[in-house]
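Just so you know, the protein sequences line up as chains A and E, in that order. Using numbering that gives the first Met the number 0, read the first sequence as starting at 0 and increasing by one per residue. Using numbering that gives the first Met the number 0, read the second sequence as starting at 0 and increasing by one per residue. First comes the structure, then the notes that go with it.
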Amino acid sequence: MDINFSKEDIAFRDEVRDWLANDYPKHVKEKTDSGITISKQDLVDFHKALSKKGWMGYNWPTEYGGTGWSASKLYIFNKELGLAGCPPILPFGVGMVGPVIYTFGNDEQKETFLPDILNFNTWWCQGYSEPGSGSDLASLKTKAVKRNDLDEEYYVVNGAKTWTTLAQNADWIFCLVRTDSSGIKQEGISFLLIDMKSPGIEVKPIITIDGDHEVNTVFFSDVKVPAKNLIGEEGKGWTYAKFLLAHERFGIAAVGSSMRELDRLKKIVNDIDNDDLRKKVGELEVSLSALEITELRLLSELENGGHPGAESSILKIKGTEMQQKISELFVEASGEYALMYPGPHGYGSNDKPAGPDYAANGLSAFLNLRKTSIYGGSNEIQKNILSKFVLGV
Amino acid sequence: MLREQIQKFCESEYDFYKREDIVKSSEDFDSNVWKLFAEQGWLSMAFSEDSGGLGFGAIELSILFEEFGKSLVIEPYLATVVLSGSLLDKSSYPHKNELIEQICIGDMHISFAYAEASNSYDYLSVNTSLDSKNVLNGTKTLVLNGGNANKIISTCTDGNELKIVIFDTNTNGVSINSFSTVDGQSCAEISFENVQLDDKNIIASGEEAIELVNKTINLATLCICAEAVGCMESCYTKTLEYTKGREQFGQPISSFQVLQHRMVDMFIESELAKSLLIKAMLEVNNNSEDMTKHVSALKSYIGKAGKISAQDAVQMHGGMGVSEEMMIGHYLKKMISIDALFGNSDFHLKNISN
Numbered sequence: 000m001d002i003n004f005s006k007e008d009i010a011f012r013d014e015v016r017d018w019l020a021n022d023y024p025k026h027v028k029e030k031t032d033s034g035i036t037i038s039k040q041d042l043v044d045f046h047k048a049l050s051k052k053g054w055m056g057y058n059w060p061t062e063y064g065g066t067g068w069s070a071s072k073l074y075i076f077n078k079e080l081g082l083a084g085c086p087p088i089l090p091f092g093v094g095m096v097g098p099v100i101y102t103f104g105n106d107e108q109k110e111t112f113l114p115d116i117l118n119f120n121t122w123w124c125q126g127y128s129e130p131g132s133g134s135d136l137a138s139l140k141t142k143a144v145k146r147n148d149l150d151e152e153y154y155v156v157n158g159a160k161t162w163t164t165l166a167q168n169a170d171w172i173f174c175l176v177r178t179d180s181s182g183i184k185q186e187g188i189s190f191l192l193i194d195m196k197s198p199g200i201e202v203k204p205i206i207t208i209d210g211d212h213e214v215n216t217v218f219f220s221d222v223k224v225p226a227k228n229l230i231g232e233e234g235k236g237w238t239y240a241k242f243l244l245a246h247e248r249f250g251i252a253a254v255g256s257s258m259r260e261l262d263r264l265k266k267i268v269n270d271i272d273n274d275d276l277r278k279k280v281g282e283l284e285v286s287l288s289a290l291e292i293t294e295l296r297l298l299s300e301l302e303n304g305g306h307p308g309a310e311s312s313i314l315k316i317k318g319t320e321m322q323q324k325i326s327e328l329f330v331e332a333s334g335e336y337a338l339m340y341p342g343p344h345g346y347g348s349n350d351k352p353a354g355p356d357y358a359a360n361g362l363s364a365f366l367n368l369r370k371t372s373i374y375g376g377s378n379e380i381q382k383n384i385l386s387k388f389v390l391g392v
Numbered sequence: 000m001l002r003e004q005i006q007k008f009c010e011s012e013y014d015f016y017k018r019e020d021i022v023k024s025s026e027d028f029d030s031n032v033w034k035l036f037a038e039q040g041w042l043s044m045a046f047s048e049d050s051g052g053l054g055f056g057a058i059e060l061s062i063l064f065e066e067f068g069k070s071l072v073i074e075p076y077l078a079t080v081v082l083s084g085s086l087l088d089k090s091s092y093p094h095k096n097e098l099i100e101q102i103c104i105g106d107m108h109i110s111f112a113y114a115e116a117s118n119s120y121d122y123l124s125v126n127t128s129l130d131s132k133n134v135l136n137g138t139k140t141l142v143l144n145g146g147n148a149n150k151i152i153s154t155c156t157d158g159n160e161l162k163i164v165i166f167d168t169n170t171n172g173v174s175i176n177s178f179s180t181v182d183g184q185s186c187a188e189i190s191f192e193n194v195q196l197d198d199k200n201i202i203a204s205g206e207e208a209i210e211l212v213n214k215t216i217n218l219a220t221l222c223i224c225a226e227a228v229g230c231m232e233s234c235y236t237k238t239l240e241y242t243k244g245r246e247q248f249g250q251p252i253s254s255f256q257v258l259q260h261r262m263v264d265m266f267i268e269s270e271l272a273k274s275l276l277i278k279a280m281l282e283v284n285n286n287s288e289d290m291t292k293h294v295s296a297l298k299s300y301i302g303k304a305g306k307i308s309a310q311d312a313v314q315m316h317g318g319m320g321v322s323e324e325m326m327i328g329h330y331l332k333k334m335i336s337i338d339a340l341f342g343n344s345d346f347h348l349k350n351i352s353n
């Protein structure tokens with residue numbers, strides 16, 4: 000096992016740092032540095048800048064226009080972006096549906112969708128969870144029925160998808176739909192690409208406890224989807240979904256951004272000179288270091304041809320706990336000012352809170368990050384995976 | 000008896016949707032609900048009979064706040080009745096009875112300005128100054144319900160000793176900046192610029208002022224801890240109810256042992272917090288010597304256990320837990336605000352060991 004980086008890796012790290020210093024859009028950096036919420040356009044600009052550098056396909060093989068990076072380069076890339084405070088790369092296109100399309104899609108689908116993902120011309124969202132299907136994803140009920148009219152083959156989709164991140168901005172949604180209810184539930188699922196402009200789609204916002212509109216419920220009523228938008232074979236959607244979930248693990252430990260946040264927290268704790276918090280920050284630093292080295296060990300296994308697989312659940316569990324704990328300490332560091340938070344009418348008669356800047360941002364992050372231990376397979380589900388596939392019980 | 004009365008009221012007049020309507024409205028609270036509080040006698044129950052109250056004490060207040068916590072009541076009972084009203088009640092201020100009467104009938108809101116930006120929970124270290132000609136200057140922070148108050152009670156110093164003054168919010172030189180709080184209430188930054196007062200504005204000075212601040216904050220701390228205990232009970236009962244109804248993998252998720260144990264933990268913590276509450280409210284009610292220590296023990300405990308309970312409740316509700324439309328996430332926000340007020344868990348832990 001080798002957890003140290005090669006010379007080549009170090010050179011690559013410097014190249015990423017150079018890009019961050021010179022080509023990471025300044026207006027986005029200014030906002031993320033001062034904790035201001037970024038707009039849709041900022042996110043587009045950030046992704047377009049990555050495209051321009053040729054890094055949008057960070058996790059793709061070169062034959063589809065990706066970087067073909069090794070696992071250690073991927074790791075460095077993700078960590079450096081996190082350390083620089085970049086917004087997370089939207090995973091739905093490049094991280095999720097892209098690999099499904101180039102692995103299981105046909106040539107026409109590859110030509111139609113992949114270039115737009117790499118150039119960030121299409122914004123994708125994910126249609127997995129449903130109001131009645133969360134952790135038990137395979138129980139999903141959104142139905143797609145195949146029709147054939149005047150030689151035109153299409154599906155008619157009815158149902159609802161929920162917790163759909165940024166569906167309000169999306170051009171396309173990839174959906175798990177039920178095409179067969181007769182057999183065992185995993186076998187009747189298909190993977191369908193749906194244009195968000197299709198008649199019959201309605202996006203309803205869900206406001207979360209931090210007051211943000213990030214997630215939505217997407218309703219489908221008699222939505223007509225061309226049959227050519229089916230990925231692979233009918234009934235094989237579950238296999239593709241599992242493949243996709245394995246890809247979702249990339250960067251889930253969020254080591255880089257946690258390091259950055261912990262660093263910011265440390266400065267605040269030193270400023271307010273609070274020994275209780277100093278100790279808690281110290282404990283988190285130790286845990287974060289353990290997490291980072293664990294990620295590197297899994298990486299090194301991967302580089303040497305191993306298949307860590309289920310062990311990556313450790314990264315999901317500990318990475319999300321780390322993010323949540325750091326945000327909790329920001330709230331504690333705010334003392335009494337943790338009380339102030341914008342309500343439905345903002346800060347009452349004010350646009351800015353009183354007290355330190357980090358108070359409202361810290362609380363906003365604390366409330367927002369509750370989701371991380373729930374989504375992407377809740378942390379309880381991750382523990383089931385570990386006990387079943389690693390401990391073998 | 001009192002508990003049943005409050006429970007009945009909250010069920011019929013204060014369900015979560017009603018609360019949400021109030022939070023979303025342009026008002027900080029519902030003045031009709033406040034009137035109903037007055038009619039039920041809740042605004043007068045905490046005051047001594049000499050001041051025109053019902054003569055109840057810390058025990059009844061704790062019961063009231065426990066039930067308020069379950070329903071997440073946002074009306075400014077803490078600011079007007081507990082902080083301002085009981086301070087007046089315990090004082091020797093000659094004009095207190097007319098003020099308390101106005102509070103009791105629901106016609107007056109008074110806010111207590113005890114905090115300043117630099118004093119971090121040490122409410123006796125005060126920079127706001129009152130000079131020899133009774134001119135007041137300074138800035139107070141996080142004044143609960145300050146934006147809706149008719150009068151302000153403020154701590155200040157004449158350079159030698161602590162003083163407590165009271166005056167109308169529309170007095171020249173008073174400027175009020177109101178903010179929303181994470182638990183759906185409001186607080187204000189208030190600055191005083193050459194506010195001219197006179198002797199009849201002074202409630203107390205020196206030792207009496209110190210004791211009034213300490214006792215008032217202590218009682219208010221007990222009240223919000225009782226509120227937290229109510230939240231903790233609701234967190235586990237609502238999570239139990241939710242997990243029984245939520246089916247995944249063909250069975251209610253309450254059948255999974257990992258969730259059962261977690262809910263048992265929530266139940267145990269709720270019971271332990273309740274025990275500390277009972278002890279603390281009895282000590283405060285008896286005005287015992289080490290009542291502050293018992294309140295600190297309670298506050299430090301619920302600061303940690305309450306937050307964990309509310310976080311677990313959110314987690315077990317899954318996505319629904321982080322949805323603004325569900326009540327459960329609002330308990331977490333309430334627990335954040337309770338931990339932030341009057342000294343957080345770490346602060347009170349030190350109080351006990353000192």
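A virtual CB, placed ideally from N, CA and C, is assigned to each residue, including glycine. If you're wondering where the values come from, they're calculated on a predicted model, not measured in any experiment.
Between residue 131 of chain A and residue 140 of chain A the beta-carbon gap is near 7 angstroms, inside 8 angstroms, which marks them as a contact. Residue state for residue 146 of chain A is assigned as strand, using DSSP reduced to three classes. Beta-bridge partners assigned by DSSP to residue 167 of chain E: E:150. Boundaries of the alpha helix (DSSP H) harbouring residue 80 of chain A: 70-82, taken from the DSSP string. Contact between residue 208 of chain E and residue 145 of chain E fails: their C-beta atoms lie close to 20 angstroms from each other, not under 8 angstroms. If you ignore the 5 residues before and after residue 8 of chain E, its C-beta comes within less than 8 angstroms of the C-beta of 35, 39, all in its own chain and listed in chain order. Judged by DSSP secondary structure, residue 187 of chain E falls within the beta strand (DSSP E) whose first and last residues are 185-195. Closest by C-alpha distance to residue 358 of chain A, out of A:372, A:337, A:373, A:375, is A:337. Here residue 322 of chain A is buried. Its C-beta has 16 or more other C-beta atoms within 10 Å. Taken through DSSP and simplified to helix, strand or coil, residue 94 of chain A comes out as helix. Only residues of its own chain outside the window of five on either side were considered, and among them 92, 93, 97 have a CB closer than 6 angstroms to the CB of residue 116 of chain A, listed in chain order.
Counting along the chain, residue 174 of chain A sits inside the beta strand (DSSP E) bounded by residues 171-177.
Taking 8 angstroms as the cut-off, the Cβ atoms of residue 63 of chain A and residue 113 of chain A count as close. Looking at the DSSP output, residue 24 of chain A bridges to nothing. For residue 215 of chain E, the enclosing alpha helix (DSSP H) begins and ends at 205-244.
Beta-bridge pairing by DSSP links residue 14 of chain E to no other residue.
When the five nearest sequence neighbours on each side are left out, the beta carbons in the same chain lying within less than 8 angstroms of the beta carbon of residue 86 of chain A are those of 27, 31, 37, 41, 42, 45, in order along the chain. Nearest Cα to residue 291 of chain A within the set A:280, A:271, A:78: A:78.
Between the region 138-152 of chain E and the region 71-84 of chain E, the count of Cβ pairs shorter than 8 angstroms is three or higher; the stretches touch. Interface flag for residue 149 of chain E against chain A is unset, since no Cβ pair is found closer than 8 angstroms. With respect to residue 261 of chain A, residue 283 of chain A sits close: the two C-beta atoms are nearer than 8 angstroms. Residue range 212-225 is occupied by the beta strand (DSSP E) that includes residue 212 of chain A.
Around residue 186 of chain A, the same chain offers 179, 234, 237 as residues with beta carbons nearer than 8 angstroms, after the five sequence neighbours per side are excluded. Interface residue (Cβ-Cβ distance to chain A less than 8 angstroms): residue 304 of chain E is not classified as such. Only residues of its own chain outside the window of five on either side were considered, and among them 160 have a CB closer than 6 angstroms to the CB of residue 205 of chain E, listed in chain order. Taking C-beta atoms as the reference points, residue 230 of chain E and residue 334 of chain E count as a pair closer than 8 angstroms. Listed along the chain, the chain A residues whose CB falls inside 8 angstroms of the CB of residue 343 of chain E are 331, 334.
When secondary structure is reduced to three states using DSSP, residue 181 of chain E falls in the coil class, being assigned neither helix nor strand. The bridge partners DSSP lists for residue 200 of chain A are A:219. Selection E:278, E:310, E:295, E:43 evaluated against residue 342 of chain E yields E:295 as nearest (Cα-Cα).
The alpha helix (DSSP H) runs of length 4 or more contained entirely in the region 292-370 of chain A are, from start to end of the chain, 311-332, 356-367. Residue pairing by DSSP puts residue 155 of chain E in a beta bridge opposite E:162. Across the structure, residue 76 of chain A and residue 258 of chain E are spaced so that their CA atoms are roughly 38 angstroms apart. For residue 173 of chain E, DSSP records a beta bridge to E:191. The alpha-carbon of residue 168 of chain E is positioned some 20 angstroms away from that of residue 74 of chain E. Taking the CA atoms as reference points, residue 12 of chain A sits about 54 angstroms from residue 150 of chain A.
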